[in-house]
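Step one of this worksheet: look at the structure below.
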Amino acid sequence: MLTRLVPRLDVKKTALFVCDMQEKFSKTNKFFTEVTQTAKRVIDTANILDIPIIVTEHYPKGLGPTVPELGLGEKVTRHPKTQFSMCIPEVVQSLEGKESVVLVGLEAHVCILHTTYSLIERGIDVNVVVDAVTARTLVDRKYGFKQLEQVGAVLTTSECVILRLVKDAAHPNFKEIQKIITPGILDSSLMDM
1 MLTRLVPRLD VKKTALFVCD MQEKFSKTNK FFTEVTQTAK RVIDTANILD IPIIVTEHYP
61 KGLGPTVPEL GLGEKVTRHP KTQFSMCIPE VVQSLEGKES VVLVGLEAHV CILHTTYSLI
121 ERGIDVNVVV DAVTARTLVD RKYGFKQLEQ VGAVLTTSEC VILRLVKDAA HPNFKEIQKI
181 ITPGILDSSL MDM
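If you count the sequence shown from 1, position 69 lands on 69 in the UniProt record's numbering, and the numbers rise without skipping.
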């Protein structure tokens, strides 16, 4: 079996994509609270490391805005969309000079999968943060991850991707980032899938 090397993450060549973490989905997606808390850890790290954060909202008129628990603030632009991929023209423009995307949000088998297809077709490495991605059903989440891996995404965890970005305990922001990762993820059956 041929194995693919997991590409390194370069902070200057990486963007964080936050996909459709909206109010209406909070009631219909499994483990939404845990996924939101984990996504916030990745967002906080991106802010510390000056990694651009790209946010989409799927049909916000009907599905509501991005949940405030992510702590995105007003400076992060939210891009409305109706297609399943986040790669609408405004988002694609923000990929200039980027080689990797860290991807969090909803839903594993739909918008996360379609976004991954679009990014890989553009030659971008995709790192899907499994503890920051969910779906309405755990079956869709599980098989969404299988498909993501088949198309070439790197499946990773929040702590793993954060430490891949920092690379060294001597990093000037390591102490600040250590406070983000030290509490760990919530104990749930989210990772049993």
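Ideal Cβ placement from N, Cα and C applies to all residues, glycine included.
field: Contacting residues, own chain, Cβ-Cβ under 6 Å from E176 (five flanking each side not counted)
entry: Closer than 6 Å at Cβ, skipping near neighbours: I48.
field: Nearest neighbour of N29, chosen from I43, V102, H109 and P7 [CA to CA]
entry: It is H109 whose Cα lies nearest to the Cα of N29.
- prompt: Which residues bound the beta strand (DSSP E) around V128?
  reply: That run of the beta strand (DSSP E) goes D125 to T134.
- prompt: Less than 9 Å separating the beta-carbons of V151 and I120?
  reply: Pairing V151 with I120 gives a Cβ-Cβ distance under 9 Å.
- request: Measuring alpha carbon to alpha carbon, tell me which of H79, L103 and G62 ends up nearest L148.
  value: The candidate whose alpha carbon is nearest that of L148 is L103.
task: Please confirm if the region 160–172 is in contact with the region 66–79, defined as three or more CB-CB distances below 8 Å between the two stretches.
output: The region 160–172, when compared against the region 66–79, does not touch it at the 8 Å Cβ threshold.
- request: Note down, one range per segment and in chain order, each alpha helix (DSSP H) of at least 4 residues found wholly within the UniProt domain "Isochorismatase-like" (14–159).
  value: Segments of the alpha helix (DSSP H) lying fully in the UniProt domain "Isochorismatase-like" (14–159): 32–49, 60–63, 89–93, 111–121 and 138–151.
message: Tell me which residue opens and which closes the alpha helix (DSSP H) that K175 is part of.
response: In the DSSP annotation of this structure, the continuous segment of the alpha helix (DSSP H) that includes K175 starts and ends at F174 to I181.
query: Out of curiosity, what's the CA-to-CA distance linking I158 and G105?
result: First, the residue type needs correcting, since residue 158 is Ser and not Ile in the sequence shown. Answer to the nearest angstrom: the Cα atoms are 12 Å apart.
- request: Consult DSSP for K12 and reduce its assignment to one of helix, strand or coil.
  value: The answer is helix: DSSP assigns K12 an H, G or I state.
field: Outcome for N127 when other beta-carbon atoms lying within 10 angstroms are tallied against a minimum of 16
entry: With 16 or more Cβ atoms within 10 Å of its Cβ, N127 is classed as buried.
- prompt: Going straight from the alpha carbon of F32 to that of S26, what length do you get?
  reply: Between the alpha carbons of F32 and S26 lies a gap of roughly 6 Å.
message: With H, G and I counted as helix, E and B as strand and the rest as coil, what does DSSP make of V6?
response: Under the three-state reduction of DSSP output, V6 falls in the coil class, being neither helix nor strand.
message: Let's test the definition: count the other Cβ atoms within 10 Å of the Cβ of D125 and tell me whether it reaches 16, buried, or not, exposed.
response: The residue in question, D125, is buried, as its Cβ has 16 or more Cβ neighbours within 10 Å.
- request: Go ahead and label K146 buried or exposed: buried means 16 or more other beta carbons lie within 10 angstroms of its beta carbon, across all protein chains shown.
  value: Exposed, since its Cβ has fewer than 16 Cβ neighbours within 10 Å.
task: Measure the alpha-carbon distance for C111 versus V18 and round it to whole angstroms.
output: Whole-angstrom Cα-Cα distance: 11 Å.
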